[in-house]
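Shown next, in structure tokens, is the structure this report addresses.
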Amino acid sequence: MLVLDFVLGQLNANCNCVGLQCTTDLTLDITMPAFGTLPTWELREDATDILVQNGGGGFANPGVNQQNTCLPEGNFRLIMNGVPTGGSYVLRTSGNPGTRIIDNITTTAGTTSVTAFSTTPAALSSNGAVQVPVGQTDLLFTNCDKPFWKSGEYVVCNEDAQVAAAWVLNGANTVQSATTGYDFWFYDPNGGYSYIRQRRHNVSDNFANVGSSRTCHMKVNNWATANHIPDGVKLNVRVRAVVNNIPANWGPACRFVRDEALAACPPTKLFDLQGFPQFYSCNVTRAFISNASNRLYARPVSGANKYKFTITSAELATPIVKVVNTYYLTLGWTSGPTMNVGETYDVTVQASFNNGASYCVVGDACSVSIISNAVVGQQSIVLDGQRSELNMWPNPNNGDVLNMSLRVADPFISTVNMDIFDLSGKRMIARTIGIQDGVLNTTIDLNGDVAVGMYMVKIIAGEELFTQRVVIQK
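For the sequence shown, position 333 (counting from the first letter as 1) is numbered 328 according to this note's numbering, and the numbering increases by one without interruption.
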């Protein structure tokens, strides 16, 4: 494992080089397909092309070879030289697992580097794929590393508080900010395709007016054809917040592949989103009984009308195959092979759009271990530890901005309805807010229009009702 010292600096009055202070440790994971010579790499300052760090070369083993270095705050770019066919690399912040900056899983042999994207004003250009510190804005969990996007779908990022604060409550596009929103950068880590899609509050991008979170939604290829995301190319996507045309640093990298054919019949798997214990079904234990708490849930596929669950293990001579009309499988069947206590199974799921005449490709497998009925109650106590909740702050509030954090039981609903009433029952504010994966973090602009007093906030999310009192003090 190689560790390199930072060398960039400035001359002082005595013409001595004073090195800039490292602030962030980085790790470059280079995966080699066989024994060979490790690729060399350079980190250069983006604006000046000054060489800041370099390394690599020498003998390399098959598998992952780690190179460690560090950088000060600033904007840089990575150049890889001599990457062999079949090799790959990931540049990330150090730690386990670290934050990905560049994730090149299909490397072009030779020299690779992310192509810059330029626009006006220059501050909104890409300005280096390696920015320290890494920005905070990221994609939703279900949008990160998805390998089957199609044109017209929405890529969604988590909301930034400063961007949300610039939203004009109930305002038309004409009064919304044209300089505040998000930038989505799509780039090929090998070089070539590189495009920044700007999303600003004053443009809907054909998404419903659900408030400030509308700007978090970016419609794939809803721009000039010349810059369309190509089909079948393994890209990275990153997001940054922009306030008054001043961009934050780029956030974590996610893999992104537009694959129209795969998206038409996409893979799915057992439900694996954290925070929803009643649905979570990947790498879990279950009792083989027919009650709702022991179902196996899949990620639902829009438009699918049948799901095929395939269950395999070392003990099974042939797989157990169950076809159902729902995105969940109820255990405890009595005909055919069953799942036995003490055994662990691999479970895959496939969706069908034609009532089972054909199925989409197989998704990732998850393990399911079968336990005895006696410990089911104990297991349920653990699974129910994380519940639906509503938090609003600051409370008391000065009447300007109210922050809201909401977690709901149903991760499949797409909107929630919020009403604010005064003590006489008069509705003061009504909003429909977009939600994804059962989690919502947003900012509600009160704009000083709400008088001093106590108010009741009511939120309806699917079949759940949340209420909370808010006190306005000025």
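Every residue, glycine too, gets a C-beta built ideally from N, C-alpha and C.
Check                                                                                                   : Outcome
A104 beta carbon less than 8 Å from that of P79                                                         : yes
Integer Cβ distance of V411 from I430, believed to fall under 8 Å                                       : 5 Å
Same chain, Cβ closer than 7 Å to K469, five either side skipped, listed in chain order                 : N393, G394 and V447
Segments of 4+ residues assigned as alpha helix (DSSP H) that fall wholly inside the segment 185 to 266 : 255 to 259
Residues that DSSP places opposite T26 in a beta bridge                                                 : V59 and S83
Three or more C-beta pairs below 8 Å linking the segment 183 to 203 and the segment 87 to 103           : yes
Spatial distance of N240 from S172 (CA atoms)                                                           : 10 Å
Length of the line joining the Cα atoms of V466 and A203                                                : 30 Å
For V403, three-class secondary structure by DSSP                                                       : coil
N-terminal and C-terminal residue of the alpha helix (DSSP H) that Q431 is part of                      : Run containing Q431: none; DSSP gives neither H nor E here.
Closer than 8 Å to chain D by CB, D226                                                                  : Of the protein chains in this structure there is only one, and it is not chain D.
Closest by C-alpha distance to V215, when choosing among H196, D183 and F179                            : F179
Beta-carbon spacing of S83, N99 below 8 Å                                                               : yes
For D379, three-class secondary structure by DSSP                                                       : Any reading at D379 must be qualified, since the residue scores a pLDDT of 37, below 50, and its modelled position is unreliable; no value is offered.
8 Å Cβ cutoff met for G50 and Q62                                                                       : yes
Cβ-based burial, K303 [other Cβ within 10 Å; buried from 16]                                            : buried
Which of helix, strand or coil DSSP assigns to L441                                                     : coil
Whole-number beta carbon distance between I306 and V342, since they are thought to touch under 8 Å      : 5 Å
Span of the beta strand (DSSP E) around V125                                                            : V125 to V127
Span of the alpha helix (DSSP H), counted from its first residue to its last, around V158               : A156 to A160
DSSP beta-bridge partners of C152                                                                       : L134
Close beta carbons around K229, own chain, < 7 Å, minus the five adjacent residues each side            : I100, T101, R250 and V252
Coarse secondary structure for A360, derived from DSSP in three states                                  : coil
Pair within 8 Å by beta-carbon distance, V238 and T175                                                  : yes
Three-state secondary structure (DSSP) of S288                                                          : helix
Cβ contact (3+ pairs, closer than 8 Å) linking the segment 204 to 214 and the segment 146 to 153        : yes
Sheet register partners of I74 (DSSP bridge)                                                            : E37
Inter-residue Cα distance where the pair is I25 and F283                                                : 44 Å
Nearest neighbour of E310, chosen from V357, G130 and N335 [CA to CA]                                   : N335
With 16 other Cβ atoms within 10 Å as the buried cut-off, status of I454                                : buried
Collapsed DSSP secondary structure at V109 in the structure displayed                                   : coil
Whole-angstrom distance between S347 and T132, CA atom to CA atom                                       : 35 Å
Cβ-heavy atom distance, A124 to the ligand FAD, below 7 Å                                               : Among the ligands in the structure shown, none appear at all, so the ligand FAD cannot be discussed.
Best match in I224, Q193 and D200 for proximity to V234 [C-alpha to C-alpha]                            : Q193
Beta bridge counterpart(s) of Q48 as assigned by DSSP                                                   : L38
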